[in-house]
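**Q** I have a structure I would like to understand better, so I am pasting it below and will then ask my questions one at a time.
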Amino acid sequence: SLDAFTGSKKWSIKVNPLDVPMNMPEGDAAGFGTRLQDGIQPICWPSHWSAPMIDGNGMVLVGRSDGKLYRVFGPDAGYKGVRSPNMSLSSSGLLWEATTLGSAFLHGALAAAPGLFVVSSCDTIYVFQK
Numbered sequence: 157s158l159d160a161f162t163g164s165k166k167w168s169i170k171v172n173p174l175d176v177p178m179n180m181p182e183g184d185a186a187g188f189g190t191r192l193q194d195g196i197q198p199i200c201w202p203s204h205w206s207a208p209m210i211d212g213n214g215m216v217l218v219g220r221s222d223g224k225l226y227r228v229f230g231p232d233a234g235y236k237g238v239r240s241p242n243m244s245l246s247s248s249g250l251l252w253e254a255t256t257l258g259s260a261f262l263h264g265a266l267a268a269a270p271g272l273f274v275v276s277s278c279d280t281i282y283v284f285q286k
């Protein structure tokens, strides 16, 4: 996150380096043979990160080519939601969580409407309904 006026860094989250076979996005190597046999595009090769989305509570959501959906909730001190055992605390005091969905995300992968959240990966569309 950058300060809108000064451009200085406000916070960041460190994630592990991408560690997948042949540096292919998550799901590409596993599904290569099947997609090739089916006569469809054998690899997806999306951007490393999807375009992020910010919800009404200020939570940042973004998909990565490691097949995980990252959610940054904000400063730990101000978080009032339900805490998951999968949440992590960054060195700068931010609460965040990564959920494995198993396939890399497309660039414009996230969409929301009242009561709905949709995520598109290279091979699946996930629809979450409240």
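So for the sequence shown, my numbering puts the first residue at 157; every next one is plus one.
Cβ coordinates follow ideal geometry from the N, Cα and C atoms, glycine included.
All values derive from a computational prediction rather than experimental measurement.
1. Can you tell me whether L225 is buried or exposed, with buried defined as 16 or more other CB within 10 angstroms of its CB?
2. Rounded to whole angstroms, what is the Cα-Cα separation between L266 and V218?
3. So, G212 versus P231, is the Cβ gap smaller than 9 Å?
4. Quick one, which of A254, G237 and V238 has its alpha-carbon nearest S244's?
5. In this structure, how does DSSP classify T190 when only helix, strand and coil are distinguished?
6. Taking just the CA atoms, how far does V275 sit from G189?
7. Please work out which residues of its chain come closer than 7 Å, Cβ to Cβ, to Q285, disregarding the five sequence neighbours upstream and downstream, and give them in chain order.
8. Helix, strand or coil for P231, going by three-state DSSP, please let me know.
9. Could you tell me the alpha carbon to alpha carbon distance between R220 and P198, rounded to whole angstroms?
10. Identify every residue that forms a DSSP beta bridge with M209.
**A** Result, derived from the coordinates:
1. By 1-based counting over the sequence shown, the position of residue 225 is 69. Label assigned to L225: buried.
2. Sequence index remark: in the sequence shown, residue 266 carries index 110 (1-based). Sequence index remark: in the sequence shown, residue 218 carries index 62 (1-based). Cα-Cα distance, rounded: 8 Å.
3. As a first step, residue 212 is located in the sequence shown; it is residue number 56 there, counting from the start. As a first step, residue 231 is located in the sequence shown; it is residue number 75 there, counting from the start. Going by C-beta atoms, G212 is not nearer than 9 Å to P231.
4. To locate residue 244, count along the sequence shown from 1; it is residue 88. Closest by alpha carbon: A254.
5. Position 34 of the sequence shown holds residue 190. Three-state result, T190: helix.
6. Position 33 of the sequence shown, counted from the first residue, corresponds to residue 189. Position 119 of the sequence shown, counted from the first residue, corresponds to residue 275. Our two residues, G189 and V275, have alpha carbons roughly 24 Å apart in a direct line.
7. Counted from its first residue, the sequence shown places residue 285 at position 129. Counting only Cβ-Cβ distances below 7 Å, and skipping sequence neighbours, we find G271 and L272.
8. Position 75 of the sequence shown, counting from 1, holds the residue named residue 231. Strand, per DSSP.
9. Here residue 220 refers to the residue found at position 64 when the sequence shown is read from its first residue. Here residue 198 refers to the residue found at position 42 when the sequence shown is read from its first residue. Taking the straight line joining both Cα atoms gives about 19 Å.
10. Position 53 of the sequence shown, counted from the start, is the residue given in the question as residue 209. The partner list for M209 (beta bridge, DSSP) reads L217.
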